[in-house]
Structure formats: C-alpha cells, structure tokens
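The structure appears below as structure tokens.
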Amino acid sequence: MLGLIEILMEDYELSVLLVSRQPDEIAPLCRRIAFIAEGGVAWHGASSALGEEAASMEVRRYLGGASRDGVDHVVILLI
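Put into structure tokens, the structure is as follows:
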C-alpha cells in the first residue's frame with residue numbers, strides 16, 4: 192500500500208490525506224502531520240518534528256503508548 196501511495200505522490204503529483212493509528216510506519220512518506228485529539232488539532236508541523244519537544248504533551252503521550260483517561264487518539268498524516 193505504501194508503494195502505491197509513493198507512486199501517486201511522485202508520478203502523478205497528487206496530494207494524499209492518510210489517516211492512520213500507526214504513525215511510525217508512514218511518517219517517512221509525509222512532509223507535514225496533524226495530530227487530532229479530543230476533537231481538535233493538538234499539534235501540527237513537519238513530520239521530522241513529531242515526538243520532539245515542539246510536539247504537544249498529547250502527541251508525546253500517544254507515541255509513548257499511553258492513552259489519557261481512555262480517550263482514543265487519531266493521527267492524521269498529511270502527505
């Protein structure tokens with residue numbers, strides 16, 4: 192699937208909106224990422240900054256595997 196996404200982006204110059212709960216697997220394809228938590232954008236920025244101090248506590252908590260108060264988080268990766 193990731194190979195097809197790469198072809199769409201490179202050969203056809205298409206933008207792709209991809210929703211995933213596994214950011215580590217697809218972040219290398221992305222230039223920018225938006226992290227959605229509790230109905231709003233908790234953080235957005237360059238994919239290279241995901242998990243750095245610049246990212247919000249919600250992002251760092253999600254990447255660390257912890258969910259606060261049972262709230263399910265969704266990561267939206269903008270390619």
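When we follow my numbering, the leftmost residue of the sequence shown carries the number 192, and every step to the right adds one. From the three backbone atoms N, C-alpha and C, an ideal C-beta is built for every residue, glycine too.
Check: At which residues does the alpha helix (DSSP H) containing residue 194 begin and terminate?; Outcome: 193-201
Check: Could you give the C-beta distance for residue 222 and residue 238, rounded to a whole number, given that I count them as a contact under 8 angstroms?; Outcome: 6 angstroms
Check: Alpha carbon to alpha carbon, what distance is there between residue 218 and residue 255?; Outcome: 16 angstroms
Check: Using CA atoms only, rank isn't needed, just tell me which of 235, 204, 240 and 228 is closest to residue 249.; Outcome: 228
Check: Can you give, in chain order, each stretch of the beta strand (DSSP E) that sits fully within the region 224-249 and has at least 3 residues?; Outcome: 231-237
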